[in-house]
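Have a look at the structure below, then the notes.
In the working numbering, the protein residues as written are 1353 to 1437.
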């Protein structure tokens, strides 16, 4: 459940879907991990959806990225190439 901005340096609480930016990030279940409900060593390989939210202020300057082995991190937005042309 999304409760606050995904930026660790921001404490803005999530209130409405029309503010900020909501991210749906698909990750893979860890090869050694087990999902709840899968006992006796059975693993559930495949995608796992997680939702993250950046407030208006953070979304204007940052984005989220998923990196295998690291997880989800907040990164600065890259400058638009259209403005450089």
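For every residue, glycine included, the Cβ atom is placed at its ideal position computed from N, Cα and C.
Given the structure is predicted, the values throughout are model-derived calculations rather than measurements.
Minimum C-alpha distance to residue i - residue among the options
| i | options | result |
| --- | --- | --- |
| residue 1380 | 1409, 1398, 1426 and 1422 | 1398 |
| residue 1431 | 1413, 1422, 1409 and 1418 | 1413 |
| residue 1353 | 1361, 1374 and 1360 | 1374 |
Helix, strand or coil at residue i according to DSSP, with G and I counted as helix
| i | result |
| --- | --- |
| residue 1412 | helix |
| residue 1354 | coil |
| residue 1368 | coil |
| residue 1430 | coil |
Own chain, CB closer than 7 Å to residue i, minus 5 neighbours either side, in chain order
| i | result |
| --- | --- |
| residue 1401 | 1376 and 1378 |
Cβ pair residue i, residue j closer than 7 Å
| i | j | result |
| --- | --- | --- |
| residue 1372 | residue 1416 | no |
| residue 1363 | residue 1404 | no |
| residue 1356 | residue 1366 | yes |
| residue 1426 | residue 1418 | no |
Cβ neighbours of residue i in the same chain (closer than 6 Å, five flanking residues each side left out)
| i | result |
| --- | --- |
| residue 1360 | none |
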